[in-house]
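Please read the structure below before turning to the comments.
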Amino acid sequence: MACSDKGGWLVLHWTILHFLCPYVQEQVQMSKLLGVGAAGCVYSATYAGEQVAVKLLHPSTADEKELVREVKVMTALQHRYIIRILGACLEPPMAVVQELAAASLHELLHHQQLRPQWGLFMQLAEDVAIALAHCHAQRPPVLHRDLSARNVLLGFDGHARLADFGLATARNRTFLSNDKARRRAASAFWQAGAFGTASFMAPEVMQAGQVTERCDVFSYSILLWEMLTGLPAWQELVSPLQVMFAVGVERQRLPIPAGCPPALARLLKECWRHNPPLRPSFPEVLARLRKIRAQDSLLQLQPVLLKHSSANSSPSKAPTLTGAKPLFSLATRDTGHIMAV
């Protein structure tokens, strides 16, 4: 294994990660716990004199192949809007990445109960689209497959960074030829947890495990919806199977929030179309976003939210409106805070 000019490890084979474990561990000094998830913990740390974040996986649930795949993909995808990986090892299973501002987009939207100001919303939307366009431009295209608000990290420079490529893969154009095979594949994927976040998942992935670039486009539309409303997508549905039935079988879609610019509403609807080839590509999405930004530069997000009346209510029913969550903007690195306004 060799060290690249930009500090990322060029992964040649998983056994070499074992060999480098003492070196990586020796260079890492943990400090503050940033978050805990089902797969592991994230710590603030220093690595070779640089402030970093360390993703430490639980040994009982760690998937070596998934970790190696993530390291390989993130090393290959050098881009300003993709989190930069600095090192990794398998004993213990961990990855060292650049540390950004303070939180993921999920943390700000759903725990701190904030929404982005209009200008920042458009900036973050463009950043994520640029990062995914870069992924899809690789040969073969790299598909994220797990895009969600949890995997978008914010920097104090006002830009987003795409993270968590554990499910990333090269494009697979395989079509399952009969219904029975499709059902078996879907069941296997669900049981293995290989689909990603259910509320962001494209209907064709739910039903057949078919993965193309347009699956990321569908997930992106759900991300935009959460940024617009401040709400978790499909929060009124209590299980992934209910989401699968509503989106994949009944073809339900999330309601467009009041005050959403018409051009942005049209883009959302096109990105979550049921037929994958009818969804725009990310270069098309970027062009549309920039046009919206130019036309609506003075527009602010309206202070309304969508709220469903109960956990059992149908997503297709008209939502009610309630008070808005505060908007947020990013402060400078010197202040060290996310600002609510």
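Residue numbers -26 to -1, 1 to 315, in mature numbering (1 follows the signal peptide of the UniProt record, and there is no 0), belong to the letters of the sequence shown in order. Heads up, the beta-carbon is just placed ideally off N, CA and C, and yes, glycines get one too.
Practice prompt. With DSSP as the reference, please indicate the residues paired to A134 in a beta bridge.
Written response: Answer by DSSP bridge pairing, in chain order: L128.
Worksheet item: From A110 to S18, what distance separates their C-alpha atoms?
Response: The amino acid occupying residue 110 in the given sequence is His; Ala does not appear at that position. C-alpha separation (whole angstroms): 31 Å.
Discussion item. Going by C-alpha to C-alpha distance, which of Q209, D138 and K29 sits closest to L7?
Written reply: K29
Discussion item. Quick check on this structure: which residue in A123, M96 and G61 has the alpha carbon closest to the alpha carbon of V26?
Written reply: G61
Worksheet item: CB-CB under 7 Å to A107, same chain, minus the five flanking residues each way: which ones, in chain order?
Response: Counting only Cβ-Cβ distances below 7 Å, and skipping sequence neighbours, we find F256, P257 and L260.
Fill in: Bridge-paired residues (DSSP) for A19
M4 and V26
Worksheet item: Under the three-state reduction of DSSP, which class applies to P236: helix, strand or coil?
Response: helix
Practice prompt. Would you tell me roughly how many angstroms separate the C-alpha atoms of L82 and R253, rounded to the nearest one?
Written response: 28 Å
Fill in: As assigned by DSSP and simplified to three states, the class of I104
helix
Item to complete: Can you give me the Cβ contacts of Q184 inside the same chain, cut-off strictly under 6 Å, excluding the 5 residues immediately before and after it?
Response: Taken in chain order, the residues that qualify are E178.
Fill in: Cβ pair C245, S195 closer than 8 Å
yes
Discussion item. Let's test the definition: count the other Cβ atoms within 10 Å of the Cβ of S213 and tell me whether it reaches 16, buried, or not, exposed.
Written reply: exposed
Worksheet item: According to the neighbour-count rule (16 or more other Cβ atoms, all chains shown, within 10 Å of its Cβ), is A46 buried or exposed?
Response: The residue you asked about is not Ala; residue 46 is Lys in the sequence shown. Looking at its Cβ environment, which holds 16 or more other Cβ atoms inside 10 Å, K46 is buried.
Discussion item. Can you confirm whether the segment 115 to 135 touches the segment 195 to 207 when touching is taken to mean that 3 or more C-beta pairs between the two stretches lie within less than 8 Å?
Written reply: yes
Item to complete: Specify the secondary structure class of A62 as computed by DSSP and reduced to three states.
Response: strand
Discussion item. Going by the DSSP bridge assignment, what does A69 pair with across the sheet?
Written reply: K29 and A62
Practice prompt. Locate the alpha helix (DSSP H) running through Y194, then write down its first and last residues.
Written response: E187 to T203
Practice prompt. Specify, as a first and last residue, the run of the alpha helix (DSSP H) that P206 falls within.
Written response: Run containing P206: none; DSSP gives neither H nor E here.
Worksheet item: Is it true that the CB of M180 sits closer than 8 Å to the CB of V116?
Response: no
Fill in: Assigned exposure category for G14 - 16 Cβ within 10 Å defines buried
buried
Discussion item. In the DSSP output, which residue or residues are listed as bridge partners for I266?
Written reply: Answer by DSSP bridge pairing: none, since I266 is not bridged.
Fill in: Spatially closest choice to P231 from R225, Q87, E(-1) and L242, by CA coordinates
L242
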